[in-house]
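Sequential numbering from 188 applies to the sequence shown in our numbering. Take a look at the structure set out below.
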Amino acid sequence: MGSFFLIAALWQILGATPYLILLLLFPSAGEIWRFTALTFSFVFLIIGLYLAVTLIHRRKFVTLITPTLLVSWKRIFESFAVWFVLVAIVSIVDVLIRPDFYTLSFNPVPWFLFTLVSLVFVTIQSFSEELLFRGYLLQALGLLTRNKVLLLLISGILFAVPHFLNPEMQSDFALMALYYFATGVFFTALVLKDNRLELALGAHAANNLFSVSLINYEGSVLETPAILIANAIDPVSNLMSFIAAAGLAYLWFFVIRKPKQQVVDTYQ
């Protein structure tokens with residue numbers, strides 16, 4: 188329990204401090220500053236995880252990612268590219284089907300500056316979430332049960348619940364909850380099948396970077412100068428597009444591009 192308290196304290200208390208200071212001292216700060224301060228909290232999440240794993244559990248931090256102690260950056264970049272392309276395809280199809288649903292808001296200078304910032308902080312944010320949910324918590328759950336279906340369900344719920352405070356939940360709570368649950372299940376499925384975290388790291392980073400820099404929506408929890416802004420979030424389209432992309436990604440990684448070598452499956 189001490190490790191969970193340490194992680195939560197660093198992430199939710201110390202991590203929230205920069206954003207609170209910005210709101211109090213600079214309430215009219217621009218999008219980039221607000222975005223940076225908000226996502227900076229995830230730096231403290233990684234620090235909390237590192238301290239918990241190395242000092243309390245006395246393990247190497249890299250064991251949250253892979254049991255081989257050798258991170259495959261090639262796997263991370265491949266996953267990033269595959270997921271980014273798939274999300275781009277389903278998004279382009281949606282834009283072509285209903286162009287009136289989107290507004291072009293491209294402003295080159297702010298977009299370029301924001302993209303540079305988001306490459307750093309969105310990557311930190313997505314990586315830290317994966318290290319927490321599919322690394323630390325999933326491994327902890329694996330000590331309690333070896334049932335992969337149960338691991339998928341619990342991990343999906345744990346990932347969905349923190350997102351229930353996001354403003355997009357107001358559009359359709361049930362469908363958006365299902366979307367976040369499906370997202371958690373998919374990333375967990377990648378980890379359980381591959382027995383390592385790299386695929387989930389790359390896909391999660393690609394998903395978030397695409398959302399904040401290319402196509403965002405009105406009222407998003409992260410206000411960004413994206414190229415296209417949807418008039419509102421469409422829960423049905425959002426969920427169906429994700430399921431389609433997730434299915435294709437899973438086929439690519441484990442059927443079309445099946446790994447030549449498999450490490451020992453620690454969940455069986």
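Where is the CB? At the ideal position from N, CA and C, for every residue including glycine.
- Short of 6 Å from the beta carbon of residue 377, and not among the five residues preceding or following it, lie these beta carbons of its own chain, in chain order: 386, 387.
- Within the same chain, and ignoring the five residues on either side of residue 431 in sequence, the residues whose Cβ sits closer than 7 Å to its Cβ are 277.
- For residue 404, the enclosing beta strand (DSSP E) covers residues 402-404.
- When secondary structure is reduced to three states using DSSP, residue 239 falls in the helix class.
- When C-alpha distances from residue 305 are compared across 398, 202, 436, the shortest belongs to 398.
- The beta carbon of residue 293 lies closer than 6 Å to those of 414 in the same chain, with the five residues before and after it left out.
- The straight-line gap separating the alpha-carbon atoms of residue 366 and residue 340 is approximately 13 Å.
- Under the three-state reduction of DSSP, residue 306 is assigned to helix.
- Following the DSSP letters along the chain, one finds residue 416 inside the beta strand (DSSP E) bounded by residues 415-417.
- With three or more CB-CB distances shorter than 8 Å, the region 224-234 counts as touching the region 307-323.
- Residue pairing of residue 291 in beta bridges, as defined by DSSP: 415.
- Distance between residue 423 and residue 417, taken at the CA atoms: about 14 Å.
- Taking a cut-off of 8 Å for Cβ pairs, the region 258-270 and the region 388-407 touch, as three or more such pairs fall below it.
- C-alpha of residue 379 to C-alpha of residue 335: approximately 8 Å in a straight line.
- Taking residue 369 as the centre and dropping the five residues before and after it, the same chain places the C-beta of 343, 426, 429, 430, 433 closer than 8 Å to its C-beta, in chain order.
- Using a 10 angstroms sphere on the CB of residue 225, the tally of other CB atoms reaches 16 or more, which defines it as buried.
- A straight-line Cα-Cα distance of about 11 Å links residue 199 and residue 205.
- By the neighbour-count criterion, in which 16 or more other beta carbons inside 10 Å mark a residue as buried, residue 412 falls on the buried side.
- Minimum Cα-Cα distance from residue 192 among the listed residues 291, 243, 302, 314 corresponds to 243.
- Each residue's CA atom was taken as its position, placing residue 288 and residue 247 some 48 Å apart.
- In this structure residue 241 is exposed. Its beta-carbon is surrounded by fewer than 16 other beta-carbon atoms within 10 angstroms.
- In the assembly as shown, residue 355 is a buried residue. Its beta-carbon has 16 or more other beta-carbons within 10 Å.
- In the three-state scheme derived from DSSP, where H, G and I count as helix and E and B as strand, residue 258 is classed as coil.
- The closest CA to that of residue 261, considering only 404, 421, 406, 384, is found on 384.
- Classified as exposed, residue 284 has fewer than 16 neighbouring CB atoms from the shown chains inside 10 Å of its CB.
- When only Cα atoms are considered, residue 281 and residue 273 end up about 13 Å apart.
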